[in-house]
Amino acid sequence: MSMLMTMNMMLSFLFIFIQHPLSMSIIIIIQTIIIAMMTGMMLGSFWFSYIIMIIMSSGMLVLFIYMASIASNEKFNMSIKMMIMMVLSMPLMLFINKFEENIYWLNNNYMNLNLNKLFSSTSMFITLMLVIYLLYTMITVSKIVNINNGPLRINK
Numbered sequence: 002m003s004m005l006m007t008m009n010m011m012l013s014f015l016f017i018f019i020q021h022p023l024s025m026s027i028i029i030i031i032q033t034i035i036i037a038m039m040t041g042m043m044l045g046s047f048w049f050s051y052i053i054m055i056i057m058s059s060g061m062l063v064l065f066i067y068m069a070s071i072a073s074n075e076k077f078n079m080s081i082k083m084m085i086m087m088v089l090s091m092p093l094m095l096f097i098n099k100f101e102e103n104i105y106w107l108n109n110n111y112m113n114l115n116l117n118k119l120f121s122s123t124s125m126f127i128t129l130m131l132v133i134y135l136l137y138t139m140i141t142v143s144k145i146v147n148i149n150n151g152p153l154r155i156n157k
C-alpha cells in the first residue's frame with residue numbers, strides 16, 4: 002500500500018512540471034489506476050474501484066482524443082532536470098515511507114466501510130433520480146451530436 006501511495010505522490014509531483022497535454026492525460030490515467038487499486042484494497046471489494054476506473058477512463062479517452070487532434074504536431078520533450086529530480090526524490094520518499102508503517106490503515110475501523118448505505122431505503126429515491134438523470138443526459142447528448150458532424154470530426 003505504501004508503494005502505491007509513493008507512486009501516486011511521485012506522479013502528482015511530476016504532473017506539476019509536465020506541459021504536454023498527452024503526457025498529462027497519461028499521468029492522470031495512471032493515477033486513476035493506482036487510486037482504484039488502493040480503494041479496492043482498503044474496502045475489500047473491488048466493485049467501487051471498477052466503477053471509478055470505468056468512469057475516469059471513459060472521460061480521459063474523450064480528452065485524449067481531443068488533445069491528440071489539437072496538439073498532434075507538438076513535439077514531446079523530456080527535461081533532464083525533471084528526470085534527475087524524480088530519480089533523486091524517489092529513494093527519499095521510499096525512505097520516509099519505510100519508517101511510517103501505516104498502522105493507522107491496519108487498525109482503523111473506517112476502512113471497513115459498508116457501501117450498502119448508498120442503496121438503503123432512505124437514500125433510494127435520490128439514487129434512483131440520479132440514475133434517471135444520467136440516462137436522460139446520455140440520451141440527450143447522443144441526440145444532439147450528429148454522427149456526420151460530430152464535435153471531434155475533422156472536416157476536410
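The opening residue of the sequence shown carries number 2 in the working numbering; numbering runs sequentially from there.
Backbone N, C-alpha and C fix where the C-beta goes; we use that ideal spot for every residue, glycine too.
Just so we're clear, the structure is a prediction, and the values are computed from it rather than from any experiment.
When we look at the beta-carbon of residue i and count the other beta-carbons within 10 Å, is it buried (16 or more) or exposed?
{"i": "S80", "result": "exposed"}
{"i": "A69", "result": "exposed"}
{"i": "S50", "result": "buried"}
{"i": "N110", "result": "Low local confidence applies: a pLDDT of 49 at N110 is under 50, so the model's placement there is unreliable, and no value is given."}
What would DSSP say about residue i, mapped onto helix, strand or coil?
{"i": "T40", "result": "helix"}
{"i": "I19", "result": "coil"}
{"i": "N9", "result": "helix"}
{"i": "V146", "result": "coil"}
{"i": "T128", "result": "helix"}
{"i": "L123", "result": "At residue 123 the sequence reads Thr, which differs from the Leu that was named. Of the three classes helix, strand and coil, the one that applies to T123 here is coil, per DSSP."}
{"i": "M139", "result": "helix"}
{"i": "S90", "result": "helix"}
{"i": "S80", "result": "coil"}
{"i": "M4", "result": "helix"}
{"i": "I30", "result": "helix"}
Less than 9 angstroms between the beta carbons of residue i and residue j, yes or no?
{"i": "I36", "j": "I53", "result": "yes"}
{"i": "M6", "j": "F16", "result": "no"}
{"i": "M61", "j": "I29", "result": "yes"}
{"i": "L23", "j": "F65", "result": "yes"}
{"i": "M10", "j": "T33", "result": "no"}
{"i": "M83", "j": "F126", "result": "no"}
{"i": "S122", "j": "F14", "result": "no"}
{"i": "L12", "j": "I31", "result": "yes"}
Note the first and the last residue of the continuous alpha helix (DSSP H) segment covering residue i.
{"i": "G60", "result": "48-71"}
Under 9 angstroms between C-beta atoms, does residue i make it to chain C?
{"i": "V142", "result": "In summary, chain C is missing from the structure at hand, where a single protein chain is found."}
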